[in-house]
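Read the structure below first, then the notes.
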């Protein structure tokens, strides 16, 4: 077997030390033999790295500007791996994430690879495979199985990867100038997808390369997921259209954008996440962003430099041993203690706690290193499944174990 390619995992974080620490806890337990962690962050985030006990094992790049593209480029410049992977600070990777993701690069013609993203409940998917048009509008791509697949987009389109779960060959990415700093937030990775497609590159989609994405609070989004500001959405949309979309198509795209955003704001208002007065204010911010984006300079992107420092291999805390613990919610304290002890010894631990109810299931990653799933014995896990699951405890535990086993382990044949 050929040696595993070296991977630099880049995390950008600003103003979110709590989510960053949880992300680092997940990254520290990856089942992959050759990776380094590069954290691009502000003073708060640098403090979180030190508090996590990883200060000497992680590359920290000081960066405190509200521009995710420029921050990612700073991370790429420090990355010494053959491949650069990206994950958001409010996401946690499955233990097998990186081992699965690099499978996409077994095809020499694959320039990039992307995986699937699960949402707040840890089970439902936020994003799977998609393609995207020069308008920035994406559509789903059905896949036949959970095996990696190499995709070449239809003419004029690109294969979509998500910024919180993607990887690119470093030499290629650096030679292209990385991410365009004109995209301070939103559509930054989509712009890269279009540029890769225009250059004739293929992209691999690896379904079992999974991360869990929580949508943490930010200047643009409240803790309850209600929007706070749409300026960057407007500005980045306008920059994207100027770069990729024929001018005669701008009008219909912007009309659809305004309608979609207003519809979403009204849904947030009905749900109580924003006030009625916020709808008009946020729509004004969208328009202000569109106006600014129409005038924002789009400059040539010089190649990024080679890394100044050697590759800093991270020694994963995971031993490779797997443990599954299933128990009744009544005895949660005892089961959690056993799970945390096993995780402390380096095992990859899944803890399933079920109550005699029909509660829907949820999955969360505990900072101790335990993947904890809770729900009712007769409740559904997959939201598209039946609301009632009449199963015996042992049968249901076996079913849930099998559902999560593949993404929680590296691919067969990899350490």
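Numbering (our numbering), first residue to last: 132 to 546.
Note that beta-carbon positions come from the ideal geometry of N, C-alpha and C, so glycine has one too.
Go through its chain and collect everything with a Cβ distance to residue i's Cβ below 6 Å, but skip five positions before and after it.
i	result
residue 531	483
residue 168	140, 158, 189 and 445
residue 177	191
residue 284	262, 290 and 328
residue 173	145 and 195
residue 546	Any answer about residue 546 is weak, because its pLDDT of 47 lies below 50 and its placement is not dependable; what the coordinates show is given next. These residues qualify, in order along the chain: 164.
residue 147	220 and 347
residue 255	514
Going by the CB atoms, is the gap between residue j and residue i shorter than 9 Å?
i	j	result
residue 513	residue 227	no
residue 435	residue 208	yes
residue 479	residue 153	no
residue 233	residue 295	no
residue 347	residue 497	no
residue 414	residue 373	no
residue 422	residue 369	yes
residue 203	residue 143	yes
residue 300	residue 242	yes
residue 317	residue 367	yes
residue 326	residue 199	no
residue 240	residue 281	yes
residue 334	residue 245	yes
residue 260	residue 338	yes
residue 505	residue 493	yes
residue 276	residue 375	no
residue 416	residue 357	no
residue 391	residue 400	no
residue 250	residue 344	yes
residue 361	residue 420	yes
residue 477	residue 495	no
residue 353	residue 412	no
On the DSSP bridge assignment, give the partners of residue i in chain order.
i	result
residue 297	217 and 245
residue 369	DSSP output for residue 369 lists no bridge partner at all.
residue 193	172
residue 507	486
residue 344	222
residue 333	241
residue 493	505
residue 167	139
residue 481	455 and 502
residue 144	172
residue 358	352
Count the other CB atoms within 10 Å of the CB of residue i; is the residue buried (16 or more) or exposed (fewer)?
i	result
residue 466	buried
residue 355	exposed
residue 225	buried
residue 329	exposed
residue 292	buried
residue 461	exposed
residue 133	exposed
residue 380	exposed
residue 440	exposed
residue 451	exposed
residue 321	buried
residue 527	buried
residue 521	exposed
residue 235	buried
residue 302	exposed
residue 397	exposed
residue 429	exposed
residue 319	buried
residue 503	buried
Which same chain residues end up closer than 7 Å to residue i when comparing Cβ atoms and leaving out the 5 residues on each side of it in sequence?
i	result
residue 304	207 and 215
residue 323	310
residue 471	499 and 501
residue 230	162, 163, 541, 542 and 545
residue 473	454 and 480
residue 201	312
residue 210	139, 141, 169, 301 and 438
residue 458	466 and 484
residue 490	506, 507 and 510
Tell me which same chain residues have a C-beta within less than 8 Å of the C-beta of residue i, skipping the five on either side of it?
i	result
residue 475	499 and 500
residue 456	466, 469, 470, 473, 480, 481, 482 and 483
residue 425	369 and 373
residue 393	410 and 414
Runs of alpha helix (DSSP H) lying entirely within the region 254 to 318, each at least 4 residues, in chain order: 301 to 306
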